[in-house]
Amino acid sequence: DAGVIQSPRHEVTEMGQEVTLRCKPISGHDYLFWYRQTMMRGLELLIYFNNNVPIDDSGMPEDRFSAKMPNASFSNLKIQPSEPRDSAVYFCASSYGLEAFFGQGTRLTVV
Amino acid sequence: ELKVEQNPLFLSMQEGKNYTIYCNYSTTSDRLYWYRQDPGKSLESLFVLLSNGAVKQEGRLMASLDTKARLSTLHITAAVHDLSATYFCAPPWGVQKLVFGQGTRLTINP
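Here the protein sequences come in this chain order: A and B.
Per this note's numbering, the first sequence starts with residue 1132, numbered consecutively.
Per this note's numbering, the second sequence starts with residue 11, numbered consecutively.
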């Protein structure tokens, strides 16, 4: 398996634009997580899904953030409108059982 | 809410030396995970500790878990430069929600 695949790897956008981050989990995994990493706040869990159903979105910072998982092979995280403080590395991870495997991350810069 | 504290947050050491990173967490958890992150890279799973008293070793790294003390340690033996990275501990909160510590940035100097 190719592991967790995220796209794009880098995204630079202007404030106010919509941003969509994409994730393909490892086949057969039933949990999917979206994390955000910044120097100030470290690694924060934004939302996670089990069998495509959102279980806990308490980490989503504002209504500007939304995430969906329409099927077992795909999830996206949208920010609309984006703001400079959303600049961070966004990681997607998936797991089956105990261990979570992380994608390479999307580095988002909002200018 | 589960809180996780690692110390030290920054560690600079010489090759060949031994050191320990500590991970304290605030609520009961029967499992704990250690991850490694190289600069600009993703997180790589190092150890999964599944029970009280669990000890796992991989090369120069050894991790242990004391669930009663809510403490995990990551011990580095005879450090080498390749081990320079940031190390995170993460106990789960609930079923699968990993809560990460702040990370320990380890620099090993020749």
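All residues carry an ideal CB built from backbone N, CA and C; glycine is no exception.
Bear in mind the structure is a predicted one, so any value in this text is a computation, not a measurement.
{"Check": "If you draw a straight line from the alpha carbon of A/Gly1173 to that of B/Gly113, how long is it in whole angstroms?", "Outcome": "8 Å"}
{"Check": "Candidates A/Pro1212, A/Phe1205 and A/Leu1229: which alpha carbon is nearest A/Val1184's?", "Outcome": "A/Phe1205"}
{"Check": "Return no unless some Cβ of chain A is closer than 7 Å to the Cβ of B/Val65.", "Outcome": "no"}
{"Check": "In angstroms, rounded to a whole number, what distance separates the CA positions of A/Trp1165 and A/Tyr1221?", "Outcome": "7 Å"}
{"Check": "Taking the straight line between their C-alpha atoms, what separation do you get for A/Ser1138 and A/Lys1155?", "Outcome": "9 Å"}
{"Check": "Report back the beta-carbon spacing between B/Leu60 and B/Trp44 to the nearest angstrom; my notes put them in contact at under 8 Å.", "Outcome": "Contact flag wrong, Cβ pair sits at about 13 Å."}
{"Check": "Output the distance between the C-alpha atoms of B/Gln24 and A/Asn1182, rounded to the nearest integer angstrom.", "Outcome": "46 Å"}
{"Check": "Is the shortest distance between the beta-carbon of B/Ser55 and the beta-carbons of chain A less than 7 Å?", "Outcome": "yes"}
{"Check": "According to DSSP, is B/Leu93 helix, strand or coil?", "Outcome": "helix"}
{"Check": "Express the C-alpha separation of A/His1160 and B/Cys99 in angstroms, rounding to a whole number.", "Outcome": "22 Å"}
{"Check": "Shorter than 6 Å, the distance from the beta carbon of A/Cys1223 to the closest heavy atom of the ligand FAD, or not?", "Outcome": "Among the components modelled here there is no ligand, and therefore nothing to report on the ligand FAD."}
{"Check": "With the cut-off set at 7 Å, would you say A/Phe1232 and A/Val1135 are in Cβ contact?", "Outcome": "yes"}
{"Check": "Can you tell me whether A/Arg1216 is helix, strand or coil according to DSSP?", "Outcome": "helix"}
{"Check": "So, is the C-beta of B/Gln16 closer than 7 Å to a C-beta in chain A?", "Outcome": "no"}
{"Check": "If you compare alpha carbons, which of A/Leu1229, A/Val1242, A/Val1241 and A/Asp1217 is closest to A/Met1171?", "Outcome": "A/Asp1217"}
{"Check": "Under the three-state reduction of DSSP, which class applies to A/Asn1202: helix, strand or coil?", "Outcome": "strand"}
{"Check": "Examine chain B for any beta-carbon lying closer than 7 Å to the beta-carbon of A/Phe1233, and answer yes or no.", "Outcome": "yes"}
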